[in-house]
Amino acid sequence: ERKKLGKLKKMPAVTKDGTEITLLANIELPEDCTAAMEAGAMGVGLFRSEYLFMGRAGFVNKLPSEDEQFESYRQAVAAMKGRPVTIRTLDIGADKPLDMAEQTSLNPALGLRAIRFCLAEPQMFLAQLRAILRASAYGPVKLLIPMLAHAFEIDQSLAMIEQAKAQLRDAGKKFDPLIPIGAMIEIPAAALTLPMFVKKMDFLSIGTNDLIQYTLAIDRADHEVAHLYNPLHPAVLYLLASTISIATKAGIPVAVCGEMAGDMKLTRLLLGMGLREFSMHPTQLLAVKHEILNSDLNEITPSVKKILRSFDPMAIAEAVNQLNQAGA
Ligand code: PEP
Ligand code: MG
């Protein structure tokens, strides 16, 4: 059994019909790269950089310095041995507060979080961007921006990345000038205006945790409404499928990095929507790979098309069940 598992780790994730699927790892700290490599991840699809910032008493003056961040990012790049590392800029606030005591907003999930916070703290954001850029001199790095919803946020973020590059050039510091820049699609407004993102971004990554929260108006951290948090709600499926389809048609790589990507009961559903890149907690990787190896896109794709036409939650759940039984 252990030998079988070891073999699975080294095997590429290919469907029965021969389609290659990319399986990536979500990490919180550079040390997590060991588990990612151990599970056979092809790279890091989501480095949640906020974990370098959290749990520090105080506020902006206690944040990790540019050099300290650079060391952490470079450590991850080295540990992944040439496999791409997607570093997400600070996604602070709501369920991941910088400092519990600082949280005063009545609706933190709708407040000054993630990219909104970064654009309001340009010096802090520039320091992080420089740290990420400097790490890109040591191996393939991609830069991912969370919680974008407005065109001006995209433009301001891109302008600040250019500013950080100029600062590094002036300082004679090395970086990858062609570093790919991507957007998290996790606010319904972003999914509904996807052509705007496709035009300006090199890649996309769908954050289903927040996409579900904001689509269904359910606080992902509130236990009292946890029973309403349904990844199979037809509205969620619609936004997922349309994002994957529009990005794919435009030739822009698209991944899912929310919890849905690591749920083997949803692997076939996502494959049938056309998803070819999954990023998940390293512990989920082998189970999802096993599911992929047993899946045939020729069978799945028409069934998923049918599921996407349904508005009946019971019928959808039953059809997903059926999908998972087929050919197993
Ligand atoms: C998500 O929202 O799905 C996501 C991947 O990011 P986080 O869970 O860190 O908000
Ligand atoms: Mg998110």
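Residue numbering for the sequence shown follows the numbering used here, starting at 25 and increasing by one per position.
Glycine is no exception: its CB is placed at the ideal position from the N, C-alpha and C atoms.
Determine, using beta carbons only, whether Met66 and Thr43 come nearer to each other than 8 Å.
Residue mapping note: residue 66 aligns to position 42 of the sequence shown, counting from 1. Residue mapping note: residue 43 aligns to position 19 of the sequence shown, counting from 1. In this structure, Thr43 does not lie closer than 8 Å to Met66 by Cβ.
Three-state secondary structure (DSSP) of Lys356
A question about residue 356 goes unanswered here, because the residues of the chain that appear run from 25 up to 352.
Three-way DSSP call (helix, strand, coil) for Ser229 in this model
On the sequence shown, position 205 is the one that residue 229 refers to. Of the three classes helix, strand and coil, the one that applies to Ser229 here is strand, per DSSP.
Are there any heavy atoms of the ligand PEP lying less than 7 Å away from the beta-carbon of Asp115, as far as the coordinates show?
What you label residue 115 is simply residue 91 of the sequence shown in a count that begins at 1. Short note on Asp115: C-beta closer than 7 Å to some heavy atom of the ligand PEP.
Using a Cβ-Cβ cut-off of 6 Å (strictly less than) and excluding sequence neighbours within five positions of Gly282, which residues of its own chain qualify?
Stepping through the sequence shown from its first residue, residue 282 is reached at position 258. If we look at Gly282 and ignore the five residues flanking it on each side, its Cβ neighbours are Gly231, Thr232 and Asn233.
Within 7 Å: the Cβ of Glu210 and any heavy atom of the ligand MG?
Taking the first residue of the sequence shown as 1, we reach residue 210 at position 186. At least one heavy atom of the ligand MG is nearer than 7 Å to the Cβ of Glu210, so yes.
For the ligand MG, is there a heavy atom less than 7 Å away from the beta-carbon of Asp200?
Start at 1 with the first residue of the sequence shown, and residue 200 comes out as number 176. The beta carbon of Asp200 sits no closer than 7 Å to any heavy atom of the ligand MG.
Cβ-based burial, Asp179 [other Cβ within 10 Å; buried from 16]:
Locating residue 179 in the sequence shown gives position 155, where the first residue counts as 1. Exposed.
When you measure from the CB of Asp234 to every non-hydrogen atom of the ligand PEP, does any distance come out below 7 Å?
On the sequence shown, position 210 is the one that residue 234 refers to. Yes; taking the cut-off as 7 Å, the Cβ of Asp234 has a heavy atom of the ligand PEP nearer than that.
Taking the Cβ atom as the reference point for each residue, do Arg137 and Ile169 lie within a distance shorter than 8 Å?
Within the sequence shown, residue 137 is the residue found at index 113, counting from 1. Within the sequence shown, residue 169 is the residue found at index 145, counting from 1. In this structure, Arg137 lies away from Ile169, with their beta-carbon atoms at least 8 Å apart.
Tell me the rounded alpha-carbon separation between Gly196 and Gln147.
By one-based count along the sequence shown, residue 196 stands at place 172. By one-based count along the sequence shown, residue 147 stands at place 123. Taking the straight line from one Cα to the other gives about 20 Å.
Sort Ala133, Pro108, Thr110 and Val109 by Cα distance to Lys120 and report the nearest one.
Counted from its first residue, the sequence shown places residue 120 at position 96. It is Ala133.
So what's Glu95 in DSSP terms, helix, strand or just coil?
Translated into the one-based positions of the sequence shown, residue 95 becomes position 71. Under the three-state reduction of DSSP, Glu95 is assigned to helix.
If you count every other CB in all the chains shown that lies within 10 Å of the CB of Asp56, and 16 or more means buried, which is it?
The sequence position of residue 56 within the sequence shown is 32, counting from 1. Buried, since its Cβ has 16 or more Cβ neighbours within 10 Å.
Coarse secondary structure for Leu47, derived from DSSP in three states:
Indexing the sequence shown from 1 puts residue 47 at position 23. Under the three-state reduction of DSSP output, Leu47 falls in the strand class.
How many angstroms separate the CA atom of Asp200 from the CA atom of Glu315?
To locate residue 200, count along the sequence shown from 1; it is residue 176. To locate residue 315, count along the sequence shown from 1; it is residue 291. Approximately 36 Å between the Cα atoms of the pair.
Is it buried or exposed, Gly333, if we count other Cβ atoms within 10 angstroms and call 16 or more buried?
Mapped onto the sequence shown, residue 333 falls at position 309. Checking the sequence shown, residue 333 turns out to be Arg, not Gly. With fewer than 16 other Cβ atoms within 10 Å, it is exposed.
Say the cut is 7 Å; is the CB of Pro121 nearer than that to a heavy atom of the ligand MG?
Numbered from its first residue, the sequence shown carries residue 121 at position 97. When distances are taken from the beta-carbon of Pro121 to the heavy atoms of the ligand MG, even the shortest one reaches 7 Å or more.
Distance, Cα to Cα, Ser160 vs Glu95?
Counting from 1 along the sequence shown, the entry for residue 160 is found at position 136. Counting from 1 along the sequence shown, the entry for residue 95 is found at position 71. Rounded to whole angstroms, the separation of the alpha carbons of Glu95 and Ser160 is 12 Å.
Considering only the alpha carbon of each residue, which of Lys273, Tyr262, Pro108 and Ala188 lies closest to Val222?
Here the question's residue 222 lines up with position 198 in the sequence shown. Ranked by Cα distance from Val222, the first of Lys273, Tyr262, Pro108 and Ala188 is Lys273.
Can you tell me which of the three DSSP states Arg193 falls into?
By 1-based counting over the sequence shown, the position of residue 193 is 169. Three-state result, Arg193: helix.
Please list the terminal residues of the continuous alpha helix (DSSP H) segment that includes Thr267.
Numbered from its first residue, the sequence shown carries residue 267 at position 243. Pro258 to Lys273 is the extent of the alpha helix (DSSP H) around Thr267.
Within 7 Å: the Cβ of Arg72 and any heavy atom of the ligand PEP?
As a working mapping, residue 72 is identified with position 48 in the sequence shown. Annotation for Arg72 indicates a beta carbon within 7 Å of some heavy atom of the ligand PEP.
For the ligand PEP, any of its heavy atoms closer than 7 Å to the Cβ of Cys281?
If you number the sequence shown from 1, residue 281 lands on position 257. Correct: Cys281 has its Cβ closer than 7 Å to the ligand PEP.
Which of the three DSSP states, helix, strand or coil, is assigned to Gly364?
Nothing about residue 364 can be read from this structure; the chain reaches only from 25 to 352.
At 3 residues or longer, and completely inside the segment 153-200: list those beta strand (DSSP E) runs for me, N to C.
Taken in chain order, the whole beta strand (DSSP E) runs of length 3 or more contained in the segment 153-200 are 165-169.
What I want to know is whether the C-beta of Pro108 ends up closer than 7 Å to one or more non-hydrogen atoms of the ligand MG.
As a working mapping, residue 108 is identified with position 84 in the sequence shown. For Pro108, the Cβ stays outside the 7 Å cut-off from all heavy atoms of the ligand MG.
Under 8 Å between C-beta atoms of Ile139 and Leu167:
For the purposes of this step, residue 139 is taken as residue 115 along the sequence shown, with counting starting at 1. For the purposes of this step, residue 167 is taken as residue 143 along the sequence shown, with counting starting at 1. Judged by their CB atoms, Ile139 and Leu167 are not nearer to each other than the 8 Å cut-off.
Could you spell out the range, first to last residue, of the alpha helix (DSSP H) harbouring Ala213?
Numbered from 1 along the sequence shown, position 189 holds the residue referred to as residue 213. Residues Pro212 to Leu216.
Run through DSSP, which three-state label would Phe77 get?
Residue mapping note: residue 77 aligns to position 53 of the sequence shown, counting from 1. The DSSP-derived three-state label of Phe77 is coil.
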